[in-house]
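Colleague: Chains as they are written, first to last, in my numbering: chain A, 2 to 359; chain B, 5 to 500; chain C, 653 to 1008.
Using N, Cα and C, we set each Cβ at its ideal position, and we do this for glycine too.
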Amino acid sequence: MADLLVEDVAVDLDGTPVLRGVDLHVPSGSLLALLGPSGCGKTTLLRVIAGFLDPHRGRVALAGNDLVGAAGAVPIEKRRIGIVPQEGALFPHLDVAANIGFGLGRRSRGRHERVAELLDLVGMAPFADRMPAELSGGQQQRVALARALAPGPDLVLLDEPFSALDAGLRAELREDVRRVLHAAGATAVLVTHDQAEALSIAELVAVMDGGRIRQCAAPVELYRTPVDVAVAGFVGEAVVLAARQDRGTVTTALGRHPVHGRGPVDERVGRGPVGGPEGGVRGHVVLRPEQVHLLPNGQGVPAEVLTSWFYGHDALVELRLVGDPETRLLARCSGDLPAPGPIGVRVAGPVLFQPQEG
Amino acid sequence: MPAALAALIASIPLAYLVLRATANGLDPVLQVLWRERTARLVGRSILFAALVTLACLVVGIGTAWILARCRLRGAGAWRVLLALPLAVPSYVAAFSWLAIWPQLEGLWAAVLVLTLTSYPYAYLPVLAALRSTDPALEEVSRSLGRGRWRTFATVTLRQVSPAAAGGGLLVALYALSDFGAVSILRYDSFTRVIHSSYRAGFDRTQAAILGCLLVLVTIVIVIGESRARGHADRARTGSGVRRTAAPVELGWWMPAATVGLGGVLGLALGVPAVSLTWWLMRGGSAGTDLPSLATAALTTLWVSLLGAALTVALALPVGVLAARSRHRAVRVIEQLTYAGHALPGIVVALSLVLVGVTILRPLYQRTPLLVLAYAVLFLPSAVAAVRGSVVLSSPRLEEVARALGNSPRQVFRRVTLPLATPGIAAGAVLVMLTCMKELPATLLLRPTGTETLATELWAATTVGRYAEAAPYAGVLVLLSSLPAALMLTTRGDRRG
Amino acid sequence: MRTSRPVLLTALAVVTALGLGACGSGTPPASPTTGSTPGAGSATGAGQAVVLYSGRSKDLIQPVLDAFTTRTGITVQVRYAGTAELAAQLLDEGENSPADAFLSQDAGALGALAAANRLEPLPRELLDRVDARFRAADGSWVGVSGRARVIAYDPRAVPAGRVPTSVFQLTDPAWKGKVAIAPTNASFQSFVTAMRVISGEERTREWLRALAANEPVIYEGNGEILKAVDAGRVPLGLINHYYWFELAAEEGVEVVNAEIGWLAAGDPGALVNVAGIGVLRGADGAEPARRLVDHLLGAEAQRHFAEKTAEYPLIAQVPPSADLPPLAQVSGPRVDLSRLDDLATTQAMLADAGLT
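#1: Tell me the DSSP bridge mates of C:Gly1020?
#2: Using a Cβ distance threshold of 8 Å, determine whether the segment 63 to 73 of chain B contacts the segment 256 to 274 of chain B, with at least three qualifying pairs required.
#3: For C:Leu1013, would you say it is in contact with chain B, using Cβ-to-Cβ distances shorter than 8 Å as the test?
#4: Residues of chain C with CB under 8 Å from B:Ala463, in chain order?
#5: Is it right to say C:Thr679 is buried, meaning 16 or more other beta carbons lie within 10 angstroms of its own, or is it exposed?
#6: May I have a chain-ordered list of the beta strand (DSSP E) segments no shorter than 3 residues that lie completely inside the segment 842 to 911 of chain C?
#7: In the DSSP assignment, find the beta strand (DSSP E) that holds B:Tyr95 and state where it starts and stops.
#8: Using a beta-carbon distance cut-off of less than 8 Å, what residues from the segment 872 to 891 of chain C approach chain B?
#9: Which bits of chain A does B:Val115 rub up against, with CB to CB less than 7 Å?
#10: If the criterion is Cβ atoms closer than 8 Å, does the pair B:Leu21 and B:Val359 meet it?
#11: Tell me the rounded alpha-carbon separation between C:Gly937 and C:Thr722.
#12: In this structure, how does DSSP classify B:Leu482 when only helix, strand and coil are distinguished?
#13: Please report the straight-line C-alpha distance between A:Ile202 and A:Pro220, rounded to a whole angstrom.
#14: Please name the residues in the segment 420 to 440 of chain B whose beta-carbon is closer than 7 Å to at least one beta-carbon of chain A, in chain order.
#15: Give me the Cβ distance between A:Val288 and A:Arg347, rounded to the nearest whole Å; I'm assuming they're in contact under 8 Å.
#16: Chain C beta carbons: is any one of them nearer than 8 Å to that of B:Ser397?
#17: For A:His194, does the three-state DSSP call read helix, strand or coil?
#18: Have a look at A:Ser39 and B:Leu34 and give me their C-alpha separation to the nearest angstrom.
#19: Can you check DSSP and say which residues form a bridge with A:Glu305?
#20: Short of 6 Å in beta carbon distance, which residues of its chain neighbour B:Pro487, apart from the five on each side in sequence? Order them along the chain.
#21: Flag B:Val324 as yes if its beta-carbon sits less than 8 Å from any beta-carbon of chain A, otherwise no.
#22: Residues of chain B with a CB under 8 Å from the CB of C:Gly746: which are they?
#23: With DSSP run on the structure shown, which of helix, strand or coil describes A:Phe311?
#24: How many angstroms separate the CA atom of C:Val987 from the CA atom of C:Ile850?
#25: For a test of the three-state rule: what should DSSP assign to A:Ala62, helix, strand or coil?
#26: Is any beta-carbon of chain B found at less than 8 Å from that of A:Ile202?
#27: The segment 464 to 482 of chain B: which residues have C-beta closer than 8 Å to a C-beta of chain C, in chain order?
#28: Is the Cβ-Cβ distance between B:Ala503 and B:Leu131 less than 8 Å?
#29: Could you work out which residues of chain A lie near B:Val404, taking near to mean beta carbons separated by less than 7 Å?
#30: Would B:Pro89 and B:Leu443 qualify as a contact pair, given that the criterion is a beta-carbon distance under 8 Å?
#31: State yes or no: is the beta carbon of B:Gly409 nearer than 8 Å to at least one beta carbon in chain A?
#32: Mind reading off the beta-carbon distance from A:Val293 to A:Val240? Whole number of angstroms is fine, and I expect it under 8 Å.
#33: Within 8 Å (strictly less), CB to CB, does C:Thr856 reach chain B?
#34: Consult DSSP for C:Glu772 and reduce its assignment to one of helix, strand or coil.
#35: Taking CB distances under 8 Å as the criterion, tell me whether A:Leu14 reaches chain B.
#36: For a contact meaning CB atoms closer than 8 Å, what does B:Arg190 contact in chain C?
And the structure:
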């Protein structure tokens, strides 16, 4: 297994820039989730890494060897990269075992054992001689994964492999995929537009938008300290409030909050009591619903409950500030759902501040 | 560059035509083109080709849909039987109809007879397409509240439209080039004049000039079809895995469907069968020469098998390229291959005579050159079949196979080819059936002394010995049922 | 797509393999091989072969050829196809033609080949057996059997006494829409060409226009015309005489309804055309080919034409079938049949008149 390096990769399709200089590093043996809205270029990046598409500039290297770079491109079949496409794309004319063995030499030694091993790994041993048309969606994906892993690739690329599955199956298969990839010690890149999937499965999450990587970090770091409002909004629910930063604290309609101790915001505005322009900087803060605590009516900042969504393990509550009816808040709460009507709120923990552009 | 090789071979008749047409300078060219009669003939031929194409599409798609999607007793037998009229030479069909209905003549008669012998051009590819497209789209459409007929019109037809367009194109070109039906049923068309230029004038120049004009018409039609086909990529994105459709229960429509299929079959096969039997019963020339019948049958099988093999082999690179690439050069190559199909067989045969005596002297009037002529004539059938079936398989599968360490060559062999096999097999059968009845090129290029069923049939009918002709025609149709049955019954899921 | 080149290579391999397979496996069983003939002019002819292109169909000529082989030991490899197609093929083959001799259904095709200098003049001895009217003036070909143009009529529609005896009567308004012709057929065009030679261009042009104005019923060939007349769909039709005998042989003489009307001697419509043979210039098998010509002009072959195909034999020793009036009586216009290869002008006239 090997690390993947992507440097300044740019792609134009029909004259439209799709990738505008992408840099990415996936350490050996780790799983990176490429997260972004549809059309952000994540599948294109995957196709560049796989070799289905040649970039206009940039470099892709696997285990220190250039796949694409100044010296030209390595042919697809020589890259040692496994692919798990959307909906599996199993070969409909081959049975499960033949699909898994497709990438192994026809008469290679140990082919049979390797296929059996992978059938076990993905839990498909009883279905070895089924045809793809006779499998469920989840089973097809397992076979597709086993097929990609069979030749022992340096890197596995998964293109929204769970998108066509229902929620229960998705969670189960997600966990299985993580387990199998770890068992195989594979370096992997998973493309997804589902943030929960990205955060739960990957060691690293890269958020893509507009043909660029906006942020690449471990899931917790990404969630806690997104680089900007857009990333924050894409990774989990976010509450955005107008704010003013002055001397290390941020003031919003909900009061004064400490700011996060790191991130690019701090470098621009300055940290601590000194520095920063006179009168503070206008901007926005981003906080997570779980930072918004509900209090009995009369305590904290007065607000009003508008709607709530019950999820079982917790619930999301939409609120409006009494003093500023234009501002909407989301709060996560466990236990009883608050009744619609007046309530108090308070913000806990540091917030992310982003100064206004210009 | 085998695609280029295929294009080169396909353009032999064009080179010949240009050479012959300009042999006496440009004056005769302009003289022929300027005649008012020439313009009228072009118009008549196009009208004829359009009507035949339309009729073939209706019959071909209708029968294919019933047999692919409905629960019907004896569907397997129906599938085979409905492909057989392709083996009936158009002149035999025309004679048969005249025997039963002597007043038959003109445009509509010719359209009827040619439709009945060439609708399998549309039926076979559409059947193959229907059997390898995902019924999911149709189900979605039904679930969105569209009725069965609207679903058929808006979803199913769109799904099979590349196959149908390819088939329709073949019908149109075949109708342009056919001589048998139009001459016997007396519809004055372009090919009739080309033939009479040879027949009565030994005038190869005029024939070549008219041939060039026919090629121009062909180009317009081919480009039109390619526009109509558009850029629509009908591969299902994502998975190559599909389910088989649950058959439609016809209920009390079953008798209607059966009568419809039976009607088509009765007109296309029954009428010739009745006429042949009638001739056999009362004709004075009855009494079959069994050894020559057997020899002719074997020869026919052998040369048309070779013809189909070479044609499909040449069509593979062209069809795959055409399905996967939108490059202009590819389009030109593909369209070049259609030239042979629209030209009367005599023109193609003479062009190969010239190539044979000048370049391929050792092969002249030997089987390989005859087989090459079949390839030139029928390349489009195979190209359309290959393209139609490759388009249906998802490029995603090929990418996965590449990533699994296969070179493009291996991918073609291990994925593209097996997936496209049903469609390609349909194409091969189409070509083989057409080779079996081919006459003009066979007459000029077969090894001297060798007879096929078609040449024996011709020899008997030119002197009016229909009773003697009948067994040859019967064996021709029987033999045709072999490849058709083989192709249409040994399908379904192959395991392992 | 970047996949194309190797795909192409695969396919090339397939094509090559198949191509070689096709070459290697050669011809099917039971087909005689084509090839050059040993040039020995041995008297028995055993081992010699003639490659014959025959525009005359197998039924009409094969027994005569078989008799030739039996008598001389020379095998005849025959390529049967339409006369015009074979003429075009021979013209395209040029000097590379594998053919030794060309047996043509009509004189025009032989004339076209002679004009292209593709025929080797025949020995005087062979030519002299046939009346000068039925062979090329330059000796490049010779007729082997003759046929007359006649009018087929439906006796239920036209009493025998009213059947026209000259083609010039066919433009009479009485026959409007009642005459079947095959203007695209070589036999009709040959007769019109003959009319041009005899009656002049202008008279012919007028006749064609008048005929067109008389709304003739157009057919593709003589056989179809005869069937139409026989079925009572058209009262009159211009055909070659032997089509009637073919129909009678196929259907039985008693059920054939149509009858033959002979045109007056000298009428351009009564043209007697021939099937003829020529030996190709530079042919390997020229010598055995000339022996084949000799055979076709022999009494045995000529009797076959007279009795089996109901044609006119062309040598003096053999009389025509008793069913036919003597050749002298029906003999039409005196024309050099070689000149009937100029069908291009005739075609233009037919087109002008609106008949093709």
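Modeller: With the given structure in hand:
#1: Chain C is shown only over 653 to 1008; residue 1020 of chain C falls outside these bounds and no answer can be derived.
#2: yes
#3: Chain C is shown from 653 up to 1008; residue 1013 of chain C falls before or after that span and cannot be answered.
#4: Ser709, Lys710, Asp711 and Tyr732
#5: Model confidence at C:Thr679 stands at a pLDDT of 37, short of 50, so the residue's coordinates are unreliable; what they give is reported in the following sentence. Buried, since its Cβ has 16 or more Cβ neighbours within 10 Å.
#6: 888 to 892
#7: That residue, B:Tyr95, is in no beta strand (DSSP E); its alpha helix (DSSP H) goes Ser94 to Ile104.
#8: Glu872, Gly875, Glu876, Lys879, Ala880, Ala883 and Arg885
#9: In chain order: nothing, as chain A lies at least about 40 Å away.
#10: no
#11: 18 Å
#12: helix
#13: 9 Å
#14: Pro422 and Leu423
#15: First, the amino acid is wrong: residue 288 of chain A is Leu here, not Val. About 12 Å; that fails the 8 Å criterion.
#16: no
#17: coil
#18: 60 Å
#19: A:Arg321 and A:Pro343
#20: Val433 and Met436
#21: no
#22: Val361
#23: strand
#24: 7 Å
#25: strand
#26: no
#27: Ala464, Thr466, Val467, Gly468, Arg469, Tyr470, Ala471 and Glu472
#28: With chain B running from 5 to 500 in the structure shown, residue 503 of chain B is simply not present.
#29: Ile84, Pro86 and Ala90
#30: no
#31: yes
#32: 6 Å
#33: no
#34: strand
#35: no
#36: Ile870, Tyr871 and Glu872
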